[in-house]
């Protein structure tokens, strides 16, 4: 069973701080990695995807991928209360995505 | 533009009753289609996916089934619901060859089995 693991949290950070979210995966053959944000009671929405080792930046978000160590991370700079949500890591497996259980982020004023 | 519709949004069903959740996608052809379930406080569990009409792959053995009678229609069914079937059911679509794209989710169907 291919797995994606995340710390469930909650991760609490003050407004303006950097939030760091981590994810590990078991399938070395995975090529594509995704971060989704899910507000309570809502559907997940894509924040970022990354295919290559290294960093990928998009506004306040940076995704980091290390295939040798099989981990993906998401950094959120200048965290805002509106960033409070559950962040789901997803890894491709042929025609489907395997999701982690998510990390709940709380940003307090 | 592409849209995905999923219904019903909320339902409360007794144990042993049947279930039918429906999902349709507009604005695209030959999408990959998926049913996920999210139990309270848990992550997204892939239940079924389909890469074409009549092609269904099951990820988790259970009392649920899925069908794809048309290119952009995906149906999740059960003949007899269990308490453990309660959860938030999400339909999603993607373009073919998933690793070049993302999943687009419907609004979800919240099922409570009593």
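Residue numbers (our numbering), protein chains in the order written: chain R, 16 to 124; chain W, 8 to 121. Here a beta-carbon is modelled for each residue, glycine too, at the ideal position from N, C-alpha and C.
- For residue 118/R, no CB of chain W lies under 8 Å from its own CB, so it is not counted at the interface with that chain.
- Scanning the stretch 30-65 of chain W from its first residue to its last, the whole beta strand (DSSP E) runs of 3-plus residues come out as 39-45, 51-59, 62-65.
- At a Cβ-Cβ threshold of 8 Å, residue 23/W and residue 37/W do not count as neighbours.
- With contacts defined by Cβ atoms closer than 8 Å, residue 102/R and residue 89/R form a contacting pair.
- Scanning 65/R, 53/R, 24/R, 23/R for the CA closest to the CA of residue 111/W turns up 53/R.
- Of all residues in the stretch 46-60 of chain R, only 46, 47, 49, 58, 59 place a beta-carbon less than 7 Å from a beta-carbon of chain W.
- Out of 103/W, 88/W, 93/W, 100/W, the CA that lies nearest to the CA of residue 116/W is found in 93/W.
- In the three-state scheme derived from DSSP, where H, G and I count as helix and E and B as strand, residue 91/W is classed as helix.
- Residue 62/R is a Cβ neighbour of residue 51/R, given a cutoff of 8 Å.
- Of all residues in the stretch 32-45 of chain W, only 39, 41, 43 come within less than 8 Å of chain R when Cβ atoms are compared, listed by chain position.
- Take the alpha-carbon of residue 81/W and the one of residue 99/R: they are about 32 Å apart.
- Contact of residue 112/R with chain W is assigned, a C-beta pair being separated by under 8 Å.
- Of all C-beta pairs linking the stretch 78-92 of chain R to the stretch 26-40 of chain R, three or more are shorter than 8 Å, placing the two stretches in contact.
- The beta carbon of residue 115/R falls within 8 Å of a beta carbon belonging to chain W, placing the residue at that interface.
- Each residue's CA atom was taken as its position, placing residue 41/W and residue 50/W some 15 Å apart.
- When secondary structure is reduced to three states using DSSP, residue 84/R falls in the coil class, being assigned neither helix nor strand.
- Residue 119/R is bridged by DSSP to 101/R.
- Closer than 8 Å to the CB of residue 64/R there is at least one CB belonging to chain W.
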